[in-house]
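Student: To start, I am sharing the structure in question, which I have written as structure tokens.
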Amino acid sequence: MSLPNQLIIRAANLDDVESIITFSAAMALETENRQLDLARLREGTLSLLNTPSYGFFMVAEIRDGEQRRLIGQLMITYEWSDWRNGVFWWIQSVYVDPPWRRRGVFRRIHEAVVSQAKADVKVCGLRLYVEQDNHTAEAVYQRVGLKRSVYKVYEEDFVLSR
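Quick note: numbering that gives the first Met the number 0 has the sequence shown finishing at residue 161, numbered continuously throughout.
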């Protein structure tokens, strides 16, 4: 089944908070078997939406007349690169509602992000991380042109522990 013509890719706004929270919680459960604290997730989502210097969400929305529904999302946050004198956009919190998977939704969001990033002279590239056992996501990312980095990610997480 193909995507409807009325698929809109756009920056998220405060009206999208409930869908973003639902998608982010579902993504964490699906990919890492984590039950997120929904109050903390809500505050984190609102903080990003209200603070453009942190980043932004892009969403995929379908419209049928006056009805609209989000079917996918991703979040962009920023990392400064002194080597490049530019900003990497980190792609995070990728989620497509299961009935809409394998229909090009992520590809369309990714294309919009790439286009927007290339139009901004301060953006030097895109990066993302993927949970080490999420081979399905890795295949999707490779199909849209992302390549495995030479870097491994290390972290010290003060909030979510294993």
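In this text, a Cβ means the ideal position worked out from N, Cα and C, and glycines have one as well. Keep in mind it's a predicted model, so treat the numbers as computed, not measured.
Who are the Cβ neighbours of residue 95 in its own chain at under 6 Å, not counting the five residues just before and after it?
Tutor: Closer than 6 Å at Cβ, skipping near neighbours: 71, 104, 105.
Student: On the three-state DSSP scale, how would you describe residue 33?
Tutor: Residue 33: coil per DSSP, three-state reduction.
Student: Assuming residue 110 is part of the alpha helix (DSSP H), what are its boundary residues?
Tutor: Residue 110 -> alpha helix (DSSP H) spans 104-117.
Student: In angstroms with no decimal places, state the Cα-to-Cα distance between residue 131 and residue 89.
Tutor: Approximately 17 Å, taken between the alpha carbons.
Student: Report the option in 128, 39, 111 whose CA atom is closest to the CA atom of residue 7.
Tutor: Per the Cα distances, 111.
Student: In terms of residues, what are the limits of the beta strand (DSSP E) holding residue 76?
Tutor: Residue 76 -> beta strand (DSSP E) spans 66-80.
Student: Can you tell which of 68, 51, 79 has its C-alpha closest to the C-alpha of residue 99?
Tutor: The candidate whose alpha carbon is nearest that of residue 99 is 68.
Student: Are three or more beta carbon pairs between the stretch 51-66 and the stretch 28-39 nearer than 8 Å?
Tutor: No contact exists between the stretch 51-66 and the stretch 28-39.
Student: Work out the CA separation of residue 116 and residue 147 for me, nearest whole Å.
Tutor: Distance between the alpha carbons of residue 147 and residue 116: 19 Å.
Student: Can you have a look at residue 122 and say buried or exposed, based on whether 16 or more other CB atoms are within 10 angstroms of its CB?
Tutor: With 16 or more other Cβ atoms within 10 Å, it is buried.
Student: Taking 7 Å as the limit between beta carbons, can you name the residues of its chain near residue 129, skipping five residues before and five after?
Tutor: Closer than 7 Å at the Cβ level, and outside the excluded window around residue 129, lie 136, 137, 140.
Student: Please determine, among 118, 62, 39, 66, the residue with the shortest C-alpha to C-alpha distance to residue 86.
Tutor: Taking only the C-alpha atoms, the option nearest residue 86 is 118.
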